[in-house]
Amino acid sequence: MQDHNDTPRTGAEGDAATGHELHEGHDVHEPHDTQDAHGAHEPPRAAEELTATAYAVLGILSVNGEKLSAGEIKQRTAFALRFFYSAPAVSHIRRELRRLLALGLVQDSEVSLGGSRRAQVFRITPEGESALRQWVVEGGDDTVTIKDPVLLRVFLGRGTPLPKLLSLLDARLRRVDEDIRDVVWGHRRAAEMGLIPHEDRRHTLAVSEYTLRALYFEQGNLRQLRDTLAGFDDEAFQRDDRWSRDELTFRPADFAQEPEQDRDPEQDRNPEQDRNPEQGHR
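Every letter in the sequence shown is one number past the one before it in full-length UniProt numbering, and letter 21, counting from 1, is 21.
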């Protein structure tokens with residue numbers, strides 16, 4: 001028997017739960033249950049127009065098979081995706097959920113949070129799983145957008161006081177250090193929960209390890225960039241007395257004649273003496 005507090009709803013029913021008023025004569029969208037000849041669920045044609053963020057939402061719902069609210073989806077994307085895909089705002093996630101709901105790719109239900117508090121949660125449908133798998137295999141030529149305001153400021157830093165640019169890089173380095181600690185913590189927490197050996201988690205773990213390597217690379221790259229900029233300050237270098245500035249003694253090596261102590265005694269042996277040992281005693 002299904003609890004009435006956890007009744008799946010789709011389409012217009014879900015719109016009502018998200019604050020959209022239903023009018024008389026408004027069509028109620030039933031879940032899509034399109035199957036091919038083999039009984040496999042097929043995604044609706046409209047799924048082809050979904051954004052990458054919509055598929056990210058489906059992926060978050062799929063990875064652990066959870067029922068999640070929009071806020072919980074935001075929380076998971078902020079931790080799991082933020083290093084390689086910008087985490088969307090909750091308002092954006094809600095818009096995508098309404099579209100997914102109308103297409104039958106997710107179902108929603110209400111759960112009690114205690115007392116009179118209730119929350120709307122979502123779970124992925126078989127059609128949603130099919131749409132997600134199809135999107136994964138059909139990709140591969142997507143444009144990667146890179147926007148790094150710190151590097152842009154350094155790039156345009158001519159005429160900017162050097163200490164200001166160095167402070168920007170120091171702040172970025174502190175952020176990267178914190179990100180590395182977050183990812184390492186996440187790995188340890190996943191191991192603690194028994195998620196790392198799980199076969200279904202291998203792909204997410206592989207990307208997480210890739211992310212950690214990328215963060216270590218960025219850390220080293222930023223430090224090298226900082227050292228390069230700091231090297232522009234010749235006056236500071238002249239004041240740097242961590243090493244002695246005494247003149248170095250320079251003795252050029254003369255390789256035309258080998259040093260006496262390095263000569264091999266065998267080189268001075270007379271081959272005739274080896275044939276006639278008594279010759280050397282005459």
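Where is the CB? At the ideal position from N, CA and C, for every residue including glycine. Computed from a predicted model, the values in this text were never measured in an experiment.
How would you call A87, buried or exposed, if buried means at least 16 neighbouring beta carbons within 10 angstroms?
-> Here residue 87 corresponds to residue number 87 of the sequence shown, with the count starting at 1. Per the 10 Å Cβ criterion, buried.
Just confirm the distance between the C-beta atoms of S109 and K67, as a whole number of angstroms; I'd bet it's less than 8 angstroms.
-> In the sequence shown, counting from the first residue as 1, residue 109 sits at position 109. In the sequence shown, counting from the first residue as 1, residue 67 sits at position 67. With a Cβ gap of about 7 angstroms, S109 and K67 count as contacting.
Decide if V184 is buried, meaning its Cβ has at least 16 other Cβ atoms within 10 Å, or exposed.
-> As a first step, residue 184 must be located in the sequence shown, where it is residue number 184. Around the beta carbon of V184, fewer than 16 other beta carbons sit within 10 angstroms, so the residue counts as exposed.
Cα separation between R118 and L97?
-> As a first step, residue 118 is located in the sequence shown; it is residue number 118 there, counting from the start. As a first step, residue 97 is located in the sequence shown; it is residue number 97 there, counting from the start. Each residue's Cα considered, the two are about 18 angstroms apart.
Run the CB neighbour count on Y85, radius 10 Å, all protein chains shown included, and call it buried at 16 or more, exposed below.
-> If you number the sequence shown from 1, residue 85 lands on position 85. By the neighbour-count criterion, in which 16 or more other beta carbons inside 10 Å mark a residue as buried, Y85 falls on the exposed side.
Give the C-beta separation of H127 and L105 to the nearest angstrom, bearing in mind that I take them to be a contact with Cβ-Cβ under 8 angstroms.
-> In the sequence shown, residue 127 corresponds to position 127, counting from 1. In the sequence shown, residue 105 corresponds to position 105, counting from 1. In the sequence on display, residue 127 carries Glu and not His. Rounded, the Cβ-Cβ distance is 6 angstroms, consistent with contact.
Can you tell me the Cβ-Cβ gap for F83 and T211, rounded? I've got them flagged as a contact below 8 angstroms.
-> Taking the first residue of the sequence shown as 1, we reach residue 83 at position 83. Taking the first residue of the sequence shown as 1, we reach residue 211 at position 211. Contact between F83 and T211 holds, with the beta-carbon distance rounding to 4 angstroms and staying under 8 angstroms.
8 angstroms Cβ cutoff met for L132 and L58 | Within the sequence shown, numbered from 1, the residue matching residue 132 stands at position 132. Within the sequence shown, numbered from 1, the residue matching residue 58 stands at position 58. In this structure, L58 lies closer than 8 angstroms to L132 by Cβ.
Hey, L222 and L165: beta-carbon distance below 8 angstroms or not?
-> One-based indexing of the sequence shown puts residue 222 at position 222. One-based indexing of the sequence shown puts residue 165 at position 165. Contact flag unset, no.
Going by DSSP, which residues form a beta bridge with Q120?
-> Walking along the sequence shown from the start, residue 120 turns up at place 120. Answer is E110, bridged to Q120.
Measure the CB-CB distance between K74 and V63 and report whether it falls below 8 angstroms.
-> Translated into positions along the sequence shown, residue 74 becomes position 74. Translated into positions along the sequence shown, residue 63 becomes position 63. No, they are not a contact pair.
Per DSSP, L68 forms a beta bridge with which residues?
-> Locating residue 68 in the sequence shown gives position 68, counting from the first residue. In DSSP, L68 forms a bridge with F122.
Could you check the C-alpha separation between E192 and A70 for me, to the nearest Å?
-> By one-based count along the sequence shown, residue 192 stands at place 192. By one-based count along the sequence shown, residue 70 stands at place 70. CA-to-CA, the gap between E192 and A70 works out to about 26 angstroms.
Using the beta-carbon count (16 or more within 10 Å), is T53 buried or exposed?
-> Indexing the sequence shown from 1 puts residue 53 at position 53. Label assigned to T53: buried.
How would you call L101, buried or exposed, if buried means at least 16 neighbouring beta carbons within 10 angstroms?
-> To locate residue 101, count along the sequence shown from 1; it is residue 101. Around the beta-carbon of L101, 16 or more other beta-carbon atoms lie within 10 Å, marking it buried.
So what does DSSP say about T51, is it helix, strand or coil?
-> Position 51 of the sequence shown holds residue 51. T51 falls in the coil class under three-state DSSP.
As assigned by DSSP and simplified to three states, the class of Y85 | Here residue 85 refers to the residue found at position 85 of the sequence shown. Residue state for Y85 is assigned as coil, using DSSP reduced to three classes.
Pick out whichever of E235, R188, A78 and T51 has its Cα sitting closest to the Cα of R95.
-> Numbered from 1 along the sequence shown, position 95 holds the residue referred to as residue 95. Considering only alpha carbons, the answer is T51.
On the three-state DSSP scale, how would you describe P252?
-> As a working note, residue 252 is residue 252 in the sequence shown. When DSSP states are grouped into helix, strand and coil, P252 belongs to the coil group.
Grab the span of the alpha helix (DSSP H) containing L165 for me, first residue to last.
-> Numbered from its first residue, the sequence shown carries residue 165 at position 165. Per DSSP, L165 is one residue of the alpha helix (DSSP H) stretching across L162 to E192.
So, L162 versus D233, is the Cβ gap smaller than 8 angstroms?
-> Along the sequence shown, read from residue 1 onward, the residue named residue 162 stands at position 162. Along the sequence shown, read from residue 1 onward, the residue named residue 233 stands at position 233. Taking 8 angstroms as the Cβ cut-off, L162 and D233 qualify as a contacting pair.
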